[in-house]
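Undergrad:
Protein chains in written order, with our numbering: chain G, 1 to 332; chain F, 333 to 607.
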């Protein structure tokens, strides 16, 4: 692959990625594409195969089947595939008996291409300049996370892969990490962010892949996922029994369920308007009728804890969240 | 200027070795053992002389015999342990620190990392042996004088020529040490565990020693790695006996290449799943 071709290829293209350890399938056919400029969330519960996938993307683990291309290059073929790519999987690691600056000097030497000239800027970016002379063995978890980002920045990357960068950080550290990733993304860097912090992903990412048991159950824009989930409403009335019957009979109102003290259903706005009229005409008075906000967390639990059918429906953006975990159905 | 390569890794591995305690443990032993030996010789003066081993009768006559006696006894466990301290650790410590993934996601091919580390482990072992020999020469000369040395054939060799022979002996000694280093690297690569690799390397060396003294296995002895630690004695004969030296070269090459090739394949193909 020429440099020109590499420049036009997607930062990450994963096709049919499988990793088996004996009888255990850690990754079961992952397909995903990260486009230039994406801040891409890679979500899944513990043991879903996220880190194994990331390791395969970085050429650390040999796939059993399938392919990874970083800017069109195969990281298993040559380390040149990592040109313009940086990041870390799980916690970033360094030589504990060397100080931060020496660690970065070592990594910069291993990077070549003027990386050593970026050390001061990288330390400054993560606010570790004042601690650069301290041995990394004495660093806190948060400081190591920040040093991990600094080590990644040495490579002047176009693509950044971060595995749980905010894990173990205090609230201030998490906020700083979020701001840093946001700033890097605004500077044009493509970011793949594996995280358990769904609020963080929702705030930072434009696209996500949700992985469950080694397989992708949704890949696409967060906004499309939310749209596909539809809008659900919470209804409280003077007579919930009659109200439920009216809802069930109303065109455009679906998934009607009666919870303790209220009714929930999915509908679009015109259908809700007609429903309110029908309720009044039936003599049912409305105490509360309010749309409920679907969060990425709702969608995540729907897709990763549901019956596993979410994937096919959700992959085109037609996903349908649980309103409360384990209570409601998955996708249509 | 080219990009990073084997020399880059090698330089930084040496830098890392300079910042690790185990390096100084091994080098310290290389200095301390000949010094302690000289002290023992000094204290022994008023007691029984001689010990029945090669050069034992000469340690009082020439300080140049001291490093040779240290080589003789060091073959059993001292030098294999010193070599294993770094060779057994150099890959396994990356697993222990979780830094292999950090290094392998930079701009270096795996073979370059492997080669740089292998060279560094070899350099350390070489420095340790040469340091031990040099300290032995200096301490021995202070104790017994910089005198001519009687060879194993009974001829007298001048002190300058004997010094040359001591250093050539050290170089010959490095041949089996290199094989030990390769075994250490193999265990370091396979076990991912520094302690297991260091102890395993030492145990392998001791097993060779034991095989050499087991009855009925005499035919095996010329081909044991432990036997090759005595090859340097061929230099101390008149004329020089090259047979054990040549045999040491090819036998150690077999042990060494088999180990290093296996280590290389394992390292190149391994999944870096931990750390």
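We put the beta carbon where it would ideally sit given N, CA and C, even for glycine.
1. With contact counted as at least three CB pairs below 8 Å, one residue from each stretch, are the stretch 90-102 of chain G and the stretch 28-44 of chain G in contact?
2. Beta-carbon separation of residue 267 (chain G) and residue 231 (chain G) under 9 Å?
3. Please confirm if residue 352 (chain F) has its CB atom under 9 Å from at least one CB of chain G.
4. Mind checking if residue 330 (chain G) is an interface residue toward chain F, Cβ cutoff 9 Å exclusive?
5. What is the residue span of the beta strand (DSSP E) that residue 110 (chain G) lies within?
6. Count the other CB atoms, across all protein chains shown, that sit within 10 Å of the CB of residue 593 (chain F); report buried if there are 16 or more and exposed otherwise.
7. Quick check on residue 567 (chain F): does DSSP put it in helix, strand or coil?
8. Please report how far the alpha carbon of residue 317 (chain F) lies from the alpha carbon of residue 491 (chain F), in whole angstroms.
9. Can you tell me whether residue 170 (chain G) is buried or exposed, with buried defined as 16 or more other CB within 10 angstroms of its CB?
10. Ordered along the chain, which non-local residues of its own chain (more than five positions away) have a Cβ less than 7 Å from that of residue 390 (chain F)?
11. What's the C-alpha gap between residue 309 (chain F) and residue 513 (chain F)?
12. Who are the neighbours of residue 335 (chain F) on chain G, taking C-beta pairs under 9 Å?
13. Where does residue 135 (chain G) sit, in a helix, a strand or coil, going by DSSP?
14. Determine the extent of the alpha helix (DSSP H) in which residue 604 (chain F) is found, giving its start and end residues.
15. Which residues, in order along the stretch 418-448 of chain F, keep a beta-carbon less than 7 Å from a beta-carbon of chain G?
16. Rounded to the nearest angstrom, what separates residue 263 (chain G) and residue 252 (chain G) at their Cα positions?
17. Would you call the CB atoms of residue 256 (chain G) and residue 284 (chain G) closer than 9 Å?
18. Does any C-beta atom of chain F lie closer than 9 Å to the C-beta of residue 233 (chain G)?
19. Looking at the strands, I want to know which residues DSSP matches up with residue 211 (chain G).
20. For residue 509 (chain F) versus residue 570 (chain F), is the C-beta spacing smaller than 9 Å?
21. If you pair each beta-carbon of the stretch 464-473 of chain F with each one of the stretch 534-549 of chain F, do three or more pairs fall below 8 Å?
22. Rounding to the nearest angstrom, what Cα-Cα distance links residue 31 (chain G) and residue 151 (chain G) in this structure?
23. Who are residue 73 (chain G)'s beta bridge partners in DSSP?
24. Straight-line CA distance for residue 411 (chain F) to residue 174 (chain G)?
25. List, in order along the chain, the chain G residues whose C-beta lies closer than 8 Å to that of residue 604 (chain F)?
26. Going straight from the alpha carbon of residue 342 (chain G) to that of residue 504 (chain F), what length do you get?
27. From this set, G:148, G:254, G:293, which residue's C-alpha is nearest residue 275 (chain G)'s C-alpha?
28. Determine whether the beta carbon atoms of residue 530 (chain F) and residue 516 (chain F) lie at a separation below 9 Å.
29. Whole-angstrom Cβ separation of residue 153 (chain G) and residue 125 (chain G), contact assumed at under 8 Å?
30. Name, going along the chain, the residues of the stretch 347-373 of chain F whose beta-carbon falls closer than 7 Å to a beta-carbon of chain B.
31. Are the CB atoms of residue 560 (chain F) and residue 501 (chain F) nearer to each other than 9 Å?
32. Is it the case that the stretch 53-70 of chain G contacts the stretch 13-26 of chain G, given that we only count it when at least three CB pairs across the two stretches are under 8 Å?
33. Taking 8 Å as the cut-off, does the CB of residue 353 (chain F) come closer than this to any heavy atom belonging to the ligand MG?
34. With DSSP as the reference, please indicate the residues paired to residue 190 (chain G) in a beta bridge.
35. Tell me whether residue 71 (chain G) is buried or exposed, calling it buried when 16 or more other Cβ atoms sit within 10 Å of its Cβ.
36. I'd like to know whether the C-beta of residue 598 (chain F) is nearer than 9 Å to at least one C-beta of chain G.
TA: The short version:
1. Taking a cut-off of 8 Å for Cβ pairs, the stretch 90-102 of chain G and the stretch 28-44 of chain G do not touch, as fewer than three such pairs fall below it.
2. Locating residue 267 (chain G) in the first chain gives position 267, where the first residue counts as 1. Locating residue 231 (chain G) in the first chain gives position 231, where the first residue counts as 1. The answer is yes: Cβ separation under 9 Å.
3. Mapped onto the second chain, residue 352 (chain F) falls at position 20. Taking Cβ atoms only, chain G reaches closer than 9 Å to residue 352 (chain F), which makes this a yes.
4. In the first chain, counting from the first residue as 1, residue 330 (chain G) sits at position 330. Any reading at residue 330 (chain G) needs caution, since the residue's pLDDT is 28, under 50, leaving its predicted position unreliable; the model's value is listed next. No, residue 330 (chain G) lies away from the interface with chain F (no Cβ there is under 9 Å from its Cβ).
5. Mapped onto the first chain, residue 110 (chain G) falls at position 110. Counting along the chain, residue 110 (chain G) falls outside any beta strand (DSSP E), though it belongs to the alpha helix (DSSP H) covering 100-111.
6. In the second chain, the residue the question calls residue 593 (chain F) occupies position 261. Using a 10 angstroms sphere on the CB of residue 593 (chain F), the tally of other CB atoms stays under 16, which defines it as exposed.
7. In the second chain, counting from the first residue as 1, residue 567 (chain F) sits at position 235. Assigned with DSSP and collapsed to three states, residue 567 (chain F) falls in helix.
8. Beyond the ends of chain F as shown, which are 333 and 607, falls residue 317 (chain F); an answer cannot be given.
9. Taking the first chain and counting its residues from 1, the one referred to as residue 170 (chain G) is at position 170. Burial call: exposed.
10. The residue given as residue 390 (chain F) occupies position 58 in the second chain. Counting only Cβ-Cβ distances below 7 Å, and skipping sequence neighbours, we find 397, 481, 482.
11. Residue 309 (chain F) is absent from the model: chain F starts at 333 and stops at 607.
12. Here residue 335 (chain F) corresponds to residue number 3 of the second chain, with the count starting at 1. Residues of chain G passing the Cβ test: 111, 112, 113.
13. What you label residue 135 (chain G) is simply residue 135 of the first chain in a count that begins at 1. The answer is strand: DSSP assigns residue 135 (chain G) an E or B state.
14. By 1-based counting over the second chain, the position of residue 604 (chain F) is 272. Counted as a single uninterrupted DSSP element, the stretch harbouring residue 604 (chain F) is not any alpha helix (DSSP H), since DSSP gives it neither H nor E.
15. Cβ contacts with chain G come from 429, 430, 431, 433, 434, 435, 436, 437, 438, 439, 440, 441.
16. Walking along the first chain from the start, residue 263 (chain G) turns up at place 263. Walking along the first chain from the start, residue 252 (chain G) turns up at place 252. Their Cα atoms are separated by approximately 16 Å.
17. Here residue 256 (chain G) refers to the residue found at position 256 when the first chain is read from its first residue. Here residue 284 (chain G) refers to the residue found at position 284 when the first chain is read from its first residue. Their beta carbons are not under 9 Å apart, which means residue 256 (chain G) does not touch residue 284 (chain G) by this criterion.
18. Stepping through the first chain from its first residue, residue 233 (chain G) is reached at position 233. Not closer than 9 Å to any Cβ of chain F, the Cβ of residue 233 (chain G) fails to qualify, so no.
19. In the first chain, counting from the first residue as 1, residue 211 (chain G) sits at position 211. DSSP, once it has assigned bridges, lists G:216 as partnering residue 211 (chain G).
20. Here residue 509 (chain F) refers to the residue found at position 177 of the second chain. Here residue 570 (chain F) refers to the residue found at position 238 of the second chain. Contact: no.
21. The stretch 464-473 of chain F makes no contact with the stretch 534-549 of chain F: fewer than 3 CB pairs, one atom from each, lie closer than 8 Å.
22. Here residue 31 (chain G) is taken as the residue at index 31 of the first chain, counted from 1. Here residue 151 (chain G) is taken as the residue at index 151 of the first chain, counted from 1. Each residue's Cα considered, the two are about 28 Å apart.
23. Indexing the first chain from 1 puts residue 73 (chain G) at position 73. Answer by DSSP bridge pairing, in chain order: G:70.
24. Here residue 411 (chain F) refers to the residue found at position 79 when the second chain is read from its first residue. Here residue 174 (chain G) refers to the residue found at position 174 when the first chain is read from its first residue. Distance between residue 411 (chain F) and residue 174 (chain G), taken at the CA atoms: about 51 Å.
25. Mapped onto the second chain, residue 604 (chain F) falls at position 272. Ordered by position in chain G, the residues that pass the 8 Å Cβ test against residue 604 (chain F) are 55, 60, 61.
26. With chain G represented from 1 up to 332, any question about residue 342 (chain G) goes unanswered, as that position is not in the structure.
27. Taking the first chain and counting its residues from 1, the one referred to as residue 275 (chain G) is at position 275. For the set G:148, G:254, G:293, the Cα lying nearest the Cα of residue 275 (chain G) is the one of G:254.
28. Start at 1 with the first residue of the second chain, and residue 530 (chain F) comes out as number 198. Start at 1 with the first residue of the second chain, and residue 516 (chain F) comes out as number 184. Yes.
29. To locate residue 153 (chain G), count along the first chain from 1; it is residue 153. To locate residue 125 (chain G), count along the first chain from 1; it is residue 125. About 6 Å separates the two Cβ atoms, so the contact holds.
30. Looking for chain B here will not work: the only protein chains present are G and F.
31. Reading the second chain from its first residue, position 228 is the one you call residue 560 (chain F). Reading the second chain from its first residue, position 169 is the one you call residue 501 (chain F). The answer is no: Cβ separation not under 9 Å.
32. Of all C-beta pairs linking the stretch 13-26 of chain G to the stretch 53-70 of chain G, three or more are shorter than 8 Å, placing the two stretches in contact.
33. Ligands are entirely absent from the displayed structure, and the ligand MG is therefore not among its contents.
34. Stepping through the first chain from its first residue, residue 190 (chain G) is reached at position 190. DSSP, once it has assigned bridges, lists G:159 as partnering residue 190 (chain G).
35. Here residue 71 (chain G) corresponds to residue number 71 of the first chain, with the count starting at 1. Its Cβ being crowded by 16 or more others within 10 Å, residue 71 (chain G) is buried.
36. The count along the second chain starts at 1 and reaches residue 598 (chain F) at position 266. False, the Cβ-Cβ gap to chain G never drops below 9 Å.
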